[in-house]
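One structure is given here, and the rest of the page talks about it.
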Ligand SMILES: [Zn+2]
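Numbering (the working numbering), first residue to last: 131 to 627.
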């Protein structure tokens, strides 16, 4: 039996039937990724397998270091082919790591390569893949078409001018490419120099003179409007944990002023400031009907020596074990109490928190939007077969799996689209196993729509991305917010109180 075959990961006849009949044909809505908008706008053509597959991939670097490969071949000065060879020699050692599955699934789906990657096959696979990369089918646009990606959302800083999204909106590309609003820099008052540099860029982007805290909020609100006008319907926050030590606007303004003067802000004050800002961002999202994403609990940059040598996001992060429940409950509740809780997707980095988060989301369902608060798909270290099963089982046992908005690649690479296929196989395998165990009925009227919805339909309805013909139609924005900027107005009222 070939390794990556038609029924890969599908253990039962029912699983195979469910996957091929219901999951496989669905299009992809990749609502959280880190693809470069510029690469998409310019329809990037990749020169070799290194460029599209290895550059910037910290999962692979971690495995290579684990395997005793020198840094020169991971992030260092070695040539692209030398780096590829070092990766190829590592692959056999990744057996039972998800990298082994991803590697061969990706080689098969992009290049039709069935051969196992190792030291012996490296040169052959390099040549064959590079030949295929020179064809139009494997440019950025070719890939989006091949994988039937209907829409994707990139991850963007509020100061970004979105010029590439603009040019894509006017292009003939069938995939809708929309921005997502990630304002993590707005919380970072504990590091005044980069914070002030970012505030300067924010002032320029919003064309607002940021003299005080109110104008800072106004500038952010204007960028939120700008993103909305460019089709953005999601925000995203990467946080160790939620912030719940809420403070008054006066207190937040005082902390902001200290950071603006370049003075160090204590971690307690940073936390209070961030709590205030997270409520502010919650209101902005709620006012416009956006979906908020919370990526909680990663413990980043744990190796200081490597951080100094190589910078962040180079493969020295792990799962954190900070307590999540109390602060998450307080944050969601604070927004809910003032009817400003947006649709929210919470991604969990620690599998020990799956049940915690799965029960938390049940507290804030509103009886209007199905699955208003979601447990996100297996994230980062949990984006693998076992992690996906844990997430699906937690959601099934404590919530409604049928309302799940499904998978995202969360990837920087154009080679990650088979992650959706992988997820769909895992999902259908679980359901097929249940059917054959007699635990759920073998009823296609029940299972078919559920599978289709989890693969695509739920996300499509839940996110309510702008229609193809009207991304960024200004009329929508005014209709959604007849009173201008209620988030800011409400805050100003609070300040006056
Ligand atoms: Zn992400």
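Backbone N, C-alpha and C fix where the C-beta goes; we use that ideal spot for every residue, glycine too.
Shown here for residue 548: same chain residues with a beta carbon closer than 6 Å to its own, the five before and five after excluded, namely 235, 236 and 239 in chain order. The stretch 303-312 makes no contact with the stretch 200-217, as fewer than three CB pairs between them are under 8 Å. Rounded to the nearest whole angstrom, the CA to CA distance from residue 475 to residue 335 is 28 Å. 8 Å or more divides the Cβ of residue 367 from the Cβ of residue 171.
For residue 478, the pairing in a beta bridge is given by DSSP as 426.
A direct Cα-to-Cα measurement between residue 145 and residue 228 gives close to 21 Å.
Checking the DSSP bridge columns, you'll see residue 283 partnered with 308. DSSP, read as helix, strand or coil, puts residue 401 in helix. Within 7 Å of the C-beta of residue 271 there is not a single heavy atom belonging to ligand 1. In this chain, the alpha helix (DSSP H) harbouring residue 273 covers 270-276. A distance below 8 Å separates the beta carbons of residue 454 and residue 426.
For residue 209, the secondary structure class from DSSP, reduced to helix, strand or coil, is coil.
For residue 158, the enclosing beta strand (DSSP E) starts and ends at 158-160. Residue 307 sits away from residue 222, with the two beta carbons spaced by 8 Å or more.
Look at residue 366 here: in three-state DSSP terms it is strand. Straight through space, the alpha carbons of residue 215 and residue 352 are spaced by roughly 48 Å. Counting C-beta pairs closer than 8 Å gives three or more between the stretch 153-160 and the stretch 535-554, which meets the contact rule.
When secondary structure is reduced to three states using DSSP, residue 473 falls in the strand class. Contact check for residue 255 against residue 268 fails: the beta carbons are separated by 8 Å or more. Burial state of residue 415 is buried, judged by a 10 Å Cβ sphere holding 16 or more other Cβ atoms.
Within the DSSP secondary-structure output, residue 289 pairs in no beta bridge. When the beta-carbon positions are compared, residue 503 and residue 139 stay at least 8 Å from each other. In this model, residue 446 and residue 432 are separated by some 6 Å (Cα to Cα).
Checking the DSSP bridge columns, you'll see residue 444 has no partner listed. Taking the C-beta atoms as reference points, residue 292 is found nearer than 8 Å to residue 309. 180 is the residue among 180, 285 and 520 whose C-alpha sits nearest the C-alpha of residue 260. Between residue 164 and residue 540, the beta carbon gap of about 7 Å places them in contact (Cβ cut-off 8 Å). Counting along the chain, residue 199 sits inside no beta strand (DSSP E), nor does DSSP assign it H or E at all. A residue is called buried once 16 or more other Cβ atoms fall within 10 Å of its Cβ, and residue 218 is buried on that count.
Taking a contact as a CB-CB distance under 8 Å, the pair residue 441 and residue 370 does not count as one, their CB atoms being some 19 Å apart. Per DSSP, residue 584 has no beta bridge partner at all.
The stretch 397-404 makes no contact with the stretch 453-467; the number of CB pairs closer than 8 Å stays below 3. In terms of side-chain proximity, the C-beta atom of residue 233 is found no nearer than 7 Å to any non-hydrogen atom of ligand 1.
Assignment of alpha helix (DSSP H) within the stretch 203-269, counting only whole runs of 4 or more residues, yields 210-220, 228-241 and 252-263 in chain order. Taking a C-beta distance under 8 Å as the contact criterion, residue 257 and residue 243 do not qualify as a contact pair.
Around the CB of residue 579, fewer than 16 other CB atoms lie within 10 Å, so the residue is classed as exposed.
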